[in-house]
Structures are given as structure tokens and as C-alpha cells.
Amino acid sequence: MSGYFDGMTEPGEPIEERDEEDLGETEGPINPDPPHSAGTPEPPNLDVDPEQFIDEDEKRGRADEPPS
Numbered sequence: 630m631s632g633y634f635d636g637m638t639e640p641g642e643p644i645e646e647r648d649e650e651d652l653g654e655t656e657g658p659i660n661p662d663p664p665h666s667a668g669t670p671e672p673p674n675l676d677v678d679p680e681q682f683i684d685e686d687e688k689r690g691r692a693d694e695p696p697s
């Protein structure tokens, strides 16, 4: 056993050229974007104001602090 896989050449053997037919169809992108259906919802808006999650006590406490 020579340690070579099927299709590999022995040292000194010429490498045969491959046609595009050997490689299969190569038309179009490899990983195309999936089609978007009309029923696909819009992604959520991640631009959120963190101030809306602060409770009133913390807001009052921050009012006493100088702005940073």
C-alpha cells in the first residue's frame, strides 16, 4: 500500500487537468441568501433606550449626580 488515496498521484506522475464538468455545476453562489417570503416578520428594533428600564427611585438618585 502506497499511502495515497484514490485520485492522488504518485510522486513524479503528471497531474491530469480536470474539466469543469468533473467539478459539477458551478453556477450561482454556493450559499445563496434564502428567499424571503411576504410572511417573514421584520427583525426587532434593537435600538433601545436603556433609560426606559430604570425604575423611578434610581432616576431620582441619578438626578442628584453630576452628568458624566
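Each residue of the sequence shown is one higher than the one before, counting from 630 in this note's numbering.
We treat Cβ as the ideally placed atom computed from N, Cα and C, and that holds for glycine.
Please read these numbers as outputs of a predicted model, since none were measured by experiment.
{"query": "P679, DSSP secondary structure in three states", "result": "helix"}
{"query": "Separation of I659 from R691, as counted between CA atoms", "result": "53 angstroms"}
{"query": "CA-to-CA distance, P670 to P695, given in whole angstroms", "result": "42 angstroms"}
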